[in-house]
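Residue numbers (my numbering): 2 to 322. We put the CB at the ideal spot given by N, CA and C, even for glycine.
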């Protein structure tokens, strides 16, 4: 690979001179790792800045002794660990390879040397990193606000239908540049997936069978074993999955899985390819899906219990029509 072109194409280094790029490349160390390998742990010394060359890296943080939360997933050209340039504090999150990956790393001493020799270039790079950090904070705020709003919807005791419609409305409001969306949920009585709610979607099937291209696609992706939001920008695949919605450039699918069974999916679509912060959209939807799994089951159980009690009262003659 042409390291110079790769580095120059990263926005943080776009203002580097050819000489500064060469000095930076001379300071880079190349590493490879397998899926699941730890790059650094939360609490480790903070000495290096990292650049993803290929594959994906997952950034996560412990939220209890037994569990952790994925903060973001980074792809090629992404920079992480940049706080090592500004602070001597230990790492505040864990970086782990989500797939087989290659990455570059540079010790902060190397950056300090580069700063002495190329102060103008490095200053612009730091400004770019600061803007990137602010964008991540904005994305985190959006995710927290969305999770909070959906928590409020869960607590309202809405009917299943109203809850689903409110959820997809909130999601479409929270995700930038989205033109519409819908949510399908499994009906255990018919074994179909019923349309729970939609925004700006016309002529979609009220229910789809397990043989529908969308369900078959998700099954082939084995989402029940490793559920994760997918971002599709292949117009041919999108046309196969949503033939009733023309001219789509981006389709985002968040499978809803409970106990290794696909119980539904959230679909968002856009009529353009370049959307803001797609990685943060994936993080947001994964968080929302985690909320929905238990909420859906609880609401269904509640409505079934109400129906059962009503039936019992009818049988006993305490309800008349």
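| Check | Outcome |
| --- | --- |
| I'd like to know if the segment 96-106 and the segment 49-68 are in contact, where contact means that at least 3 CB-CB pairs between them fall below 8 Å. | yes |
| Give every residue of the same chain whose Cβ lies closer than 7 Å to the Cβ of residue 213, excluding the five residues on either side of it in the sequence, and list them in chain order. | none |
| Between which two residues does the alpha helix (DSSP H) harbouring residue 163 extend? | 161-175 |
| Quick one: what does DSSP say residue 120 is sitting in, helix, strand or coil? | helix |
| Have a look at the DSSP bridge pairing and note the partners of residue 108. | 49 |
| Count the other CB atoms within 10 Å of the CB of residue 14; is the residue buried (16 or more) or exposed (fewer)? | buried |
| Ordered along the chain, which non-local residues of its own chain (more than five positions away) have a Cβ less than 8 Å from that of residue 294? | 257, 258, 259 and 264 |
| Give me the residue from 262, 227 and 281 with the minimum Cα distance to residue 253. | 281 |
| Starting from residue 242, follow the alpha helix (DSSP H) in both directions and report where the run begins and ends. | 236-242 |
| Taking the continuous alpha helix (DSSP H) assigned at residue 214, which residues delimit it? | 214-221 |
| Under 8 Å, with one C-beta from each stretch per pair, do the segment 74-84 and the segment 137-144 reach the 3-pair mark? | no |
| So, are the CB atoms of residue 332 and residue 99 less than 8 Å apart? | Shown here, the chain extends from 2 to 322; a query on residue 332 therefore has no answer. |
| Which word fits residue 146, buried or exposed, when buried means at least 16 other C-beta atoms lie within 10 angstroms of its C-beta? | exposed |
| Just checking, does the segment 179-186 make contact with the segment 202-218 on the three C-beta pairs under 8 Å criterion? | yes |
| With C-beta atoms as the reference, is residue 301 less than 8 Å away from residue 272? | no |
| When DSSP labels each residue in this structure, what does residue 289 get in the three-state scheme? | helix |
| Please report the straight-line C-alpha distance between residue 290 and residue 36, rounded to a whole angstrom. | 24 Å |
| Which residue comes first and which comes last in the alpha helix (DSSP H) that contains residue 26? | 19-28 |
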